[in-house]
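Here is the structure we will look at, set down as C-alpha coordinates.
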Amino acid sequence: MVSQFETRLFINGKFVDASTPARFSCWNPSNDALLTDQLHEATKEDVDAAVAAARAAFPGWAATRTSRRRDILLKFADLIEAHAEEIATLEV
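Under the working numbering, the residues of the sequence shown are numbered -4 to 87, in order.
Dropping the structure here:
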(Lines of atoms letter the chains of each structure in order from A and count residues from 1; the text may use other names and numbers.)
(Lines give C-alpha, C1' and ligand atoms only; values in the text may rest on other atoms or scores of the structure.)
Protein backbone atom coordinates (compact mmCIF):
# COMPACT_ATOMS: atom_id res chain seq x y z
CA MET A 1 0.00 0.00 0.00
CA VAL A 2 1.30 3.45 -0.90
CA SER A 3 1.42 5.96 1.96
CA GLN A 4 -0.28 9.30 1.51
CA PHE A 5 2.08 12.19 2.16
CA GLU A 6 3.23 15.33 0.41
CA THR A 7 5.47 14.53 -2.54
CA ARG A 8 6.09 17.99 -3.96
CA LEU A 9 9.20 20.07 -3.30
CA PHE A 10 9.23 22.36 -0.25
CA ILE A 11 10.71 25.68 -1.36
CA ASN A 12 10.37 29.10 0.24
CA GLY A 13 7.86 27.96 2.84
CA LYS A 14 5.44 26.17 0.53
CA PHE A 15 5.01 22.95 -1.40
CA VAL A 16 5.55 23.45 -5.13
CA ASP A 17 5.60 21.27 -8.20
CA ALA A 18 9.01 20.46 -9.63
CA SER A 19 9.85 22.22 -12.87
CA THR A 20 9.89 18.84 -14.61
CA PRO A 21 7.14 16.22 -14.76
CA ALA A 22 9.68 13.53 -13.78
CA ARG A 23 8.74 11.50 -10.70
CA PHE A 24 10.48 8.70 -8.85
CA SER A 25 9.59 5.94 -6.41
CA CYS A 26 10.54 5.56 -2.77
CA TRP A 27 10.64 2.12 -1.18
CA ASN A 28 10.77 1.05 2.46
CA PRO A 29 14.11 -0.79 2.72
CA SER A 30 12.96 -2.90 5.67
CA ASN A 31 10.12 -4.60 3.82
CA ASP A 32 10.33 -3.45 0.19
CA ALA A 33 6.91 -1.78 0.43
CA LEU A 34 6.31 1.04 -2.00
CA LEU A 35 5.90 4.30 -0.06
CA THR A 36 5.16 6.40 -3.14
CA ASP A 37 5.86 6.46 -6.83
CA GLN A 38 5.18 10.17 -7.17
CA LEU A 39 8.13 11.98 -5.52
CA HIS A 40 8.88 15.09 -7.52
CA GLU A 41 12.34 15.09 -9.06
CA ALA A 42 14.14 18.39 -8.46
CA THR A 43 16.06 19.96 -11.30
CA LYS A 44 19.09 22.23 -11.02
CA GLU A 45 16.70 25.18 -11.30
CA ASP A 46 14.57 23.84 -8.43
CA VAL A 47 17.66 23.44 -6.25
CA ASP A 48 18.86 26.92 -7.20
CA ALA A 49 15.44 28.32 -6.19
CA ALA A 50 15.60 26.51 -2.84
CA VAL A 51 19.12 27.80 -2.15
CA ALA A 52 18.12 31.34 -3.13
CA ALA A 53 15.11 31.18 -0.79
CA ALA A 54 17.28 29.91 2.06
CA ARG A 55 19.84 32.65 1.49
CA ALA A 56 17.09 35.29 1.42
CA ALA A 57 15.57 33.95 4.66
CA PHE A 58 18.84 33.72 6.57
CA PRO A 59 19.28 37.41 7.52
CA GLY A 60 15.83 37.45 9.12
CA TRP A 61 16.55 34.25 11.03
CA ALA A 62 19.95 35.54 12.13
CA ALA A 63 18.35 38.78 13.37
CA THR A 64 15.71 36.90 15.38
CA ARG A 65 16.26 37.01 19.14
CA THR A 66 17.84 33.83 20.44
CA SER A 67 14.93 33.31 22.84
CA ARG A 68 12.50 33.40 19.89
CA ARG A 69 14.66 30.98 17.88
CA ARG A 70 14.72 28.70 20.93
CA ASP A 71 10.91 28.81 21.11
CA ILE A 72 10.62 27.97 17.41
CA LEU A 73 13.03 25.05 17.70
CA LEU A 74 11.28 23.75 20.82
CA LYS A 75 7.95 23.88 18.97
CA PHE A 76 9.58 21.97 16.10
CA ALA A 77 10.83 19.36 18.60
CA ASP A 78 7.30 19.07 20.01
CA LEU A 79 5.93 18.47 16.51
CA ILE A 80 8.54 15.80 15.85
CA GLU A 81 7.65 14.10 19.12
CA ALA A 82 3.93 14.31 18.39
CA HIS A 83 4.44 12.69 14.98
CA ALA A 84 7.30 10.35 15.93
CA GLU A 85 5.53 7.18 14.83
CA GLU A 86 4.63 8.60 11.42
CA ILE A 87 8.16 9.95 10.94
CA ALA A 88 9.68 6.63 11.99
CA THR A 89 7.55 4.85 9.40
CA LEU A 90 8.90 7.14 6.69
CA GLU A 91 12.48 6.93 7.97
CA VAL A 92 12.72 3.14 7.83
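Note that beta-carbon positions come from the ideal geometry of N, C-alpha and C, so glycine has one too.
Continuous beta strand (DSSP E) stretch holding residue i: start and end
{"i": "Ser20", "result": "18 to 22"}
{"i": "Thr31", "result": "29 to 35"}
{"i": "Phe10", "result": "9 to 11"}
First through last residue of the alpha helix (DSSP H) which encompasses residue i
{"i": "Phe5", "result": "Premise fails: Phe5 lies in the beta strand (DSSP E), 4 to 6, not in any alpha helix (DSSP H)."}
{"i": "Arg50", "result": "39 to 58"}
{"i": "Phe71", "result": "61 to 77"}
Exposure of residue i, with buried meaning 16 or more beta-carbon neighbours within 10 Å
{"i": "Leu30", "result": "buried"}
{"i": "Leu4", "result": "buried"}
Whole-angstrom C-beta distance between residue j and residue i, which should lie under 8 Å
{"i": "Ile6", "j": "Ala48", "result": "6 Å"}
{"i": "Ile82", "j": "Ile75", "result": "7 Å"}
{"i": "Ala17", "j": "Asp41", "result": "The pair is not a contact, with the Cβ atoms about 11 Å apart (cut-off 8 Å)."}
Touching or not, the segment 54 to 61 and the segment 30 to 44, by the rule of three or more beta carbon pairs under 8 Å? Inter-segment contact for the segment 54 to 61 and the segment 30 to 44 is absent: fewer than three beta-carbon pairs are separated by less than 8 Å.
Indicate whether the contact test is met: 3 or more Cβ pairs, each with one atom in the segment 46 to 55 and one in the segment 11 to 24, closer than 8 Å. Touching, no.
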